[in-house]
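Data block below; observations after.
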Amino acid sequence: MPLKPIVREALLAAYQTPDHTLRRTSEGFRGAAGRTFTRRAINWLEESNLANFDQRDFPSTITLNPRGIAQAQQLIAPCAQAGAA
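The structure is reproduced here in structure tokens:
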């Protein structure tokens, strides 16, 4: 499934956290370090059925579901294979 670049970045940012979760801050959603993502980008992630909000109306976290984890692994796999070659 083709993902918008910002959704791909949010997916990979969530995947890189220990619990595969982005947390709401005053600036938007972010992982342990790095970029902050707007609610719109996070909505695309949820609408693509790759992650789930902890609460629908006013979420404080979004966590990758098994489909999102698998998608992130597929995105990372070509990079890992290229590095091993």
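Residue numbers (my numbering): 268 to 352.
Glycine residues also receive a C-beta, built at the ideal position from the N, C-alpha and C atoms.
Cβ separation of residue i and residue j, assumed to be a contact under 8 angstroms, to the nearest whole Å
i: Leu278; j: Ala344; result: Actually they do not touch by this definition, with Cβ atoms about 14 angstroms apart.
i: Arg290; j: Arg297; result: 7 angstroms
i: Ser327; j: Val274; result: So it is not a contact: roughly 20 angstroms between Cβ atoms.
Limits of the beta strand (DSSP E) - the one that residue i falls within
i: Leu270; result: Taken as a continuous stretch (DSSP letters only), Leu270 belongs to no beta strand (DSSP E), as it is neither H nor E.
i: Phe320; result: Ala318 to Phe320
Straight-line gap, residue i to residue j (C-alpha atoms, nearest Å)
i: Pro333; j: Thr305; result: 23 angstroms
i: Ala299; j: Ile309; result: 16 angstroms
i: Pro285; j: Asp324; result: 25 angstroms
i: Pro269; j: Trp311; result: 12 angstroms
i: Gly335; j: Asp321; result: 15 angstroms
i: Arg359; j: Thr292; result: Given a span of 268 to 352 for the chain in the structure shown, any question on residue 359 remains unanswerable.
i: Thr288; j: Glu294; result: 16 angstroms
i: Ala280; j: Lys271; result: 14 angstroms
Which of helix, strand or coil DSSP assigns to residue i
i: Leu312; result: helix
i: Ala281; result: helix
i: Arg302; result: coil
i: Arg291; result: strand
i: Glu297; result: One point to set straight first is that residue 297 is Arg, not Glu, in the sequence displayed. Note: Arg297 maps to strand in three-state DSSP.
Short Cβ contact (8 angstroms threshold) for residue i with residue j
i: Leu342; j: Leu331; result: no
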